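Visitor: Here you go, one structure.
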Amino acid sequence: MTKIHSRDAGNPAYDWYTLDNAAKIYPSTASEHSPAVFRLFVTLKEPVKSWILQQAIEAVMPRFPYFQVYLRRGWFWYYLQRHHHIPRIRPLEPTPVSRIPVRAGSSHLLHVSAGRNIIAVDFSHILTDGNGGIRFLISLIAEYLRLCGMPIGSHENFLHPQDPPHPEEYEDAYKRYFIKGAPGPGHYSPAYHIPGRPAQAGRFRTITGRISVDQMLDRTRKEGVTLTEYLAALMIYCLARIYQEEVDQGKKHRRSIIRLEVPVNLRSFYPSGTMRNFSLYVSPEIDMKLGPYDFEELLKHVHHSMRIQINRKELSRQISRNVGAEFNPLIRFLPLFIKDRFVNWIHSRMGERLYSGVLSNLGKISLPAEMESSVQSIHVVLSPNRMMKTSCTVIGYQNDIHINFCSLVESRNLERLFFTHLVEYGISVHIKES
């Protein structure tokens, strides 16, 4: 394992930080059609008091100095420049995810919005992943409720404004666990993508299904699989049905692989307190040239495929490939204007075109009892991209699981097949569309 670079490990005295290994790709590839932004939001039981929320963000933001940054261009790499400005609370707009112009130079890399009884935070993936984002959101909500007069105790899911940041929160944990000389993963062929032309840039639509935790877990226990395995298998199954419908209509496909991108929180395998990106992916897949799959057959296939991939040794392969590329002298010392073109070229061939879709499960979020009495629901939305077109995110809170599809295309066929399957298997689904 490599030694942590001081700029990665963090020091409050520093005024700039390197991007973590996962973040390095986003400044070069982010666009209106592929913004690399996700939104976390809570619905409260009372209307939001925006002036108190502004006080809360002013108290909380300095506690997260690695988020209080602008993106800057260097000669060879982008970097994060520390600043002391506080984001202003924005009115909540009807778009599911706001656009963050990361290359604007003086743009905050997170946006805080409020409207009615909703508080939302949009994060550029340059800053963090879902785990870091949820800790920031809950820390903000805790401070907001405290300023509203509610006594809030300590909890593992949020950080107190008065506590100094721990150096480990800044670290690029990928580099800490990089094993020099470890073999990388195998190569993937391009995957099938659902039909439909992307809508206008920046225009997304969402469909959210709310289901019962008890009903869903009862189903997964009967099948002997995890919730993520079940939902990943279901999404692949629905994509396969769309593929087969096109074949039945006479369409010929050059790409027969249906492959899903499923993020994994690496903190579960490699101890780290980082608040920056520290996730990788597992990739269950099927080849439609082998013939159609029934759901039970596919569920077993996905279950075993994900179990094989989700272990420390297999995940180390991806860390080896990604960090090894960053340390490659030919890449490291390319001028940034050339590196931008190179990264875009690599991403177009080894990134989104290799996956048919993405399903991200942030798990069940727990809050202290005094916060639960004020927080009605928690949601996550991941911006899709012009290649995969539709993203699916999952989050649990109290007795509910919220499954959110965010799409660039008008067709609702994927979502219809997905939620219809759950209903057919005895799981009640409450749908909300925007």
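In terms of this note's numbering, the sequence shown has 76 at position 63, counting the first letter as 1, and numbering is strictly consecutive. Ideal Cβ positions, reconstructed from N, Cα and C, are used throughout, including at glycine. Predicted model, so just to flag it, every value in this text is computed and none were measured.
1) For P276, verify whether its CB is less than 7 Å away from any heavy atom of the ligand ADP.
2) Can you tell me the Cα-Cα spacing of W29 and L123, whole angstroms?
3) What did DSSP end up calling H392 once you bin it into helix, strand or coil?
4) Who are the near neighbours of H18 in its chain, counting only those whose CB is closer than 8 Å to its CB and skipping five residues on each side?
5) Please state the DSSP three-state secondary structure of P180.
6) Assuming the contact rule is C-beta atoms closer than 8 Å, L372 and A245 should be a hit. Round their C-beta distance to whole Å, please.
7) Could you name the residues of the same chain whose beta carbon sits closer than 8 Å to that of P114, not counting the 5 residues immediately before and after it, in chain order?
8) In whole angstroms, what is the alpha-carbon distance linking S387 and K58?
9) Please state whether the Cβ-Cβ distance between Y91 and P60 is less than 8 Å.
10) For the stretch 66 to 80 against the stretch 96 to 112, do three or more pairs of beta-carbon atoms, one drawn from each stretch, fall closer than 8 Å, so that the two count as touching?
11) Assuming contact is defined by CB atoms lying nearer than 8 Å, are E446 and I165 in contact in what I supplied?
12) Considering just the uninterrupted stretch of the beta strand (DSSP E) at R218, what are its terminal residues?
13) Starting from K188 and walking both ways along the alpha helix (DSSP H), at which residues does that stretch end?
14) With which residues is G128 paired in a DSSP beta bridge?
15) Just list the residues that DSSP pairs T141 with in beta bridges.
16) Just to check my reading of the structure: A127 and L105 have Cβ atoms closer than 8 Å, yes? What is that Cβ distance to the nearest angstrom?
17) Thinking just about the alpha-carbon of each residue, which of L93, E437, S333 and A35 is nearest to the one in G199?
18) Just curious, the beta strand (DSSP E) that P342 is in, first and last residue?
19) Using the C-alpha atoms, what's the distance from M229 back to F432?
20) Should I444 be labelled buried (16 or more other beta-carbon atoms within 10 Å of its own) or exposed?
21) Cα separation between T233 and D307?
22) What beta strand (DSSP E) runs, 3 residues minimum, are completely inside the stretch 278 to 365?
23) Counting C-beta neighbours from all protein chains within 10 Å, is the total for R218 16 or more, i.e. buried, or is it exposed?
24) Rounded to a whole number of angstroms, what is the C-alpha to C-alpha distance between H392 and W88?
25) Could you tell me which of V238, I192 and W64 sits nearest to E156, measuring between CA atoms?
26) In or out: F346 buried (at least 16 other Cβ within 10 Å) or exposed?
27) Have a look at the DSSP bridge pairing and note the partners of H415.
28) So what does DSSP say about I444, is it helix, strand or coil?
29) Measure the Cβ-Cβ separation of K62 and H206 and say whether it is below 8 Å.
30) List the residues that DSSP assigns as beta-bridge partners of E274.
31) Using beta-carbon positions only, say whether T287 and N374 come within less than 8 Å of one another.
32) Relative to the C-alpha of I299, which residue among D413, Y79 and H314 is closest?
33) For G439, count neighbouring Cβ atoms within 10 angstroms of its own Cβ and tell me buried if that reaches 16, exposed if not.
Guide: According to the structure shown:
1) The model depicted lacks the ligand ADP and carries no ligand whatsoever.
2) 17 Å
3) Under the three-state reduction of DSSP output, H392 falls in the strand class.
4) The pLDDT assigned to H18 is 42, lower than 50, so where the model puts this residue is not dependable, and the model offers no usable value.
5) helix
6) Between A245 and L372 the Cβ distance is about 5 Å, and since that is below 8 Å, they are a contact.
7) S120
8) 5 Å
9) Cβ distance not < 8 Å, so Y91 and P60 don't count as in contact.
10) yes
11) Between E446 and I165, the C-beta spacing is not below 8 Å.
12) R218 to S225 is the extent of the beta strand (DSSP E) around R218.
13) Its alpha helix (DSSP H) spans residues A186 to R189.
14) I131
15) For T141, which the question treats as bridged, DSSP gives no partner whatsoever.
16) 6 Å
17) Just measuring C-alpha positions, the residue of L93, E437, S333 and A35 sitting nearest G199 is S333.
18) No beta strand (DSSP E) holds P342; the alpha helix (DSSP H) holding it covers P342 to R345.
19) 12 Å
20) exposed
21) 17 Å
22) 292 to 295 and 298 to 300
23) buried
24) 39 Å
25) Out of V238, I192 and W64, W64 has the C-alpha closest to the C-alpha of E156.
26) exposed
27) R223 and I408
28) strand
29) Cβ atoms of K62 and H206: not closer than 8 Å.
30) V371
31) No, Cβ-Cβ distance for T287 and N374 is not below 8 Å.
32) H314
33) exposed
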